[in-house]
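Enquirer:
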Amino acid sequence: MVNSFAISDCYEPATACLEAAVLLSNGSNGAYEADARGVIRLICLAYDREDVSAELEYALLHQLCDIKTSIDGRIFLSQNMSIEGADEDVQLLAQNKCRILCDFSAMIKNSPDISAYHCLDYSFVRTYNAGVRYAELSAASAAGNPAIVRQVGIMQALGIGCEKNAGNAIRRLKQCAMWGDICSMRLLAKLHAGEGERERAETAAELANLCSVYLKEGITVLPDAVQKKEKKEAVELYNCVSTIYYDLVMRGRLRNIDLSFVEALLHTKSYSKRMEHINNYKQELWKDETNPGAKISAPIGFRG
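For what it's worth, this note's numbering labels the leading residue of the sequence shown as 9, then goes sequentially.
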């Protein structure tokens, strides 16, 4: 029997685990449970919250297992249902799972290219096969949805449905990190550390901490005291990420990652040039960086 946990104390990692478990599949079998446990443990490790991993595994894979489809989710929410014998924290997770199932399914209707998100159709219970699921999500990730791109990176990091490849996982998580995804930043820190890349791990961790404090507060320019305290590289990355987040993602409603644009940024050596690309995104001069005929400078930032 696992101990109870306070969702308010670990809401961000719990939500990330829930989203990742749903993206992996809404159908459960032995292979799914084993892979989902690995995903949950990796995310908890990234947040330094291994202490709640067992509780989250039990809640997500057992207590919430009867909520499978978007139809289940709509019924659960509309009738204000509850999980029998579960505490308020698990009830909140149940509500969030219902919303995630419904939101993912709604993406199909709202996408101009329906086929891009067919793998998110949770109107039925999907039979879990790791290789098939990786292929589906990998294809869908081309549209740039941050949750899907992150999921592909997680599966590559763990070797779920594909060959385990930390380099590929890091590349995918960088794409999400540049779009302001804090979970991906924390995962990057752990993967870099696992590869023995201490400086890169520290930079990713510092960026995640800065974004956790300042990004959602609407702060695009860090306080002077913070800039003096943190590593120059982390501060410059924060400036890039925060500008992308507020100018392109929020104000420009560019919710999906522009993968080509991120590639250009990560291959641009000069910080001022990167900011120039971001500030003049619509002019598309940044495309010179990814033109096969152009000479690409050495990667910086996370040091691809």
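The beta carbon of each residue, even a glycine, is placed where N, CA and C say it ideally should be. These numbers were taken from a predicted model, which means no experiment stands behind them.
For the candidate residues Cys127, Ser131, Asp189 and Leu68, whose alpha-carbon lies nearest to that of Tyr246?
Expert: Asp189
Enquirer: In its own chain, which residues sit with a C-beta less than 7 angstroms from the C-beta of Ser33, not counting the 5 before and 5 after it?
Expert: Tyr40, Arg134, Tyr136 and Arg141
Enquirer: Please identify the residue among Cys52, Gly93 and Ala54 whose C-alpha is closest to the C-alpha of Leu72.
Expert: Nearest in C-alpha terms to Leu72, of all of Cys52, Gly93 and Ala54, is Gly93.
Enquirer: At 4 residues or longer, what runs of the alpha helix (DSSP H) sit wholly inside the stretch 170–210?
Expert: For the stretch 170–210, the full-length alpha helix (DSSP H) segments reaching 4 residues or more read 174–186 and 190–202 along the chain.
Enquirer: If you follow the alpha helix (DSSP H) that Lys105 is part of, which residue opens it and which one closes it?
Expert: Glu96 to Asn118 is the extent of the alpha helix (DSSP H) around Lys105.
Enquirer: Below 8 angstroms between beta carbons: does that hold for Met193 and Ala216?
Expert: yes
Enquirer: Does the stretch 40–53 come close enough to the stretch 109–121 that 3 or more CB-CB pairs lie under 8 angstroms?
Expert: Segments in contact, no.
Enquirer: Given that a residue counts as buried once 16 or more other Cβ atoms are within 10 Å of its Cβ, and exposed if not, what is Pro325?
Expert: Residue 325 lies beyond the stretch modelled for the chain, which goes from 9 to 312, so this question has no answer here.
Enquirer: What's the gap between the Cα of Gln99 and the Cα of Arg107?
Expert: 13 angstroms
Enquirer: Out of Gln291, Phe269, Arg259 and Ala209, which one is the CA nearest neighbour of Glu297?
Expert: Ranking Gln291, Phe269, Arg259 and Ala209 by Cα distance to Glu297 puts Phe269 first.
Enquirer: For Asn288, does the three-state DSSP call read helix, strand or coil?
Expert: Residue state, collapsed to three classes: coil.
Enquirer: Roughly how many angstroms separate the alpha carbons of Leu101 and Lys240, rounded to a whole number?
Expert: 38 angstroms
Enquirer: By how many angstroms is the C-alpha of Tyr130 removed from the C-alpha of Leu110?
Expert: Here residue 110 turns out to be Cys, not Leu, going by the sequence shown. Going from the Cα of Cys110 to the Cα of Tyr130 covers about 8 angstroms.
Enquirer: Could you spell out the range, first to last residue, of the alpha helix (DSSP H) harbouring Ser86?
Expert: Counted as a single uninterrupted DSSP element, the alpha helix (DSSP H) harbouring Ser86 occupies residues Ser78 to Ser86.
Enquirer: By alpha-carbon positions, which one of Ala147, Cys127, Ile79 and Ala67 ends up nearest to Cys25?
Expert: Per the Cα distances, Ala67.
Enquirer: Can you tell me whether Asp97 is buried or exposed? The criterion is at least 16 other CB atoms within 10 Å of its CB, across all chains shown.
Expert: buried
Enquirer: Could you pull the start and end residues of the alpha helix (DSSP H) that Glu58 belongs to?
Expert: No alpha helix (DSSP H) holds Glu58; DSSP gives it neither H nor E.
Enquirer: Looking at C-beta atoms only, is the number of pairs between the stretch 252–269 and the stretch 179–188 that lie closer than 8 angstroms three or more?
Expert: yes
Enquirer: Short check: CB of Glu238 to CB of Glu214, under 8 angstroms?
Expert: yes
Enquirer: If Leu64 and Cys52 are in contact, beta carbons under 8 angstroms, what's the gap, nearest whole angstrom?
Expert: 7 angstroms
Enquirer: Nearest CA to the CA of Phe15: which residue from Ala147, Leu293 and Val60?
Expert: The amino acid occupying residue 15 in the given sequence is Ile; Phe does not appear at that position. With distances taken between Cα atoms, Ile15 lies closest to Val60.
Enquirer: Can you tell which of Thr228, Arg261, Lys236 and Phe84 has the C-alpha that lies nearest to the C-alpha of Met283?
Expert: Thr228
Enquirer: According to the neighbour-count rule (16 or more other Cβ atoms, all chains shown, within 10 Å of its Cβ), is Gln291 buried or exposed?
Expert: exposed
Enquirer: Going by C-alpha distance, which of Gly38, Cys127, Leu166 and Ala138 is nearest Glu156?
Expert: Looking at the sequence provided, one finds Ile at residue 156 rather than Glu. Ile156 has its Cα closest to that of Cys127, out of Gly38, Cys127, Leu166 and Ala138.
Enquirer: Given Leu218, which residues of its chain have a CB within under 8 angstroms of its CB, disregarding the five upstream and five downstream residues?
Expert: Taken in chain order, the residues that qualify are Leu230, Val234, Glu238, Ala242, Val243 and Tyr246.
Enquirer: What number of angstroms, rounded off, separates the C-alpha of Val30 from the C-alpha of Lys105?
Expert: When rounded, the distance between both Cα atoms is 8 angstroms.
Enquirer: Under 8 angstroms Cβ to Cβ from Ile75, same chain only, skipping five residues before and after it: list those, please.
Expert: Gly81, Phe84, Ala102, Lys105, Cys106 and Leu109
Enquirer: Any idea what DSSP makes of Gly226, helix, strand or coil?
Expert: In the structure shown, Gly226 sits in coil (DSSP, three-state: anything other than H, G, I, E or B).
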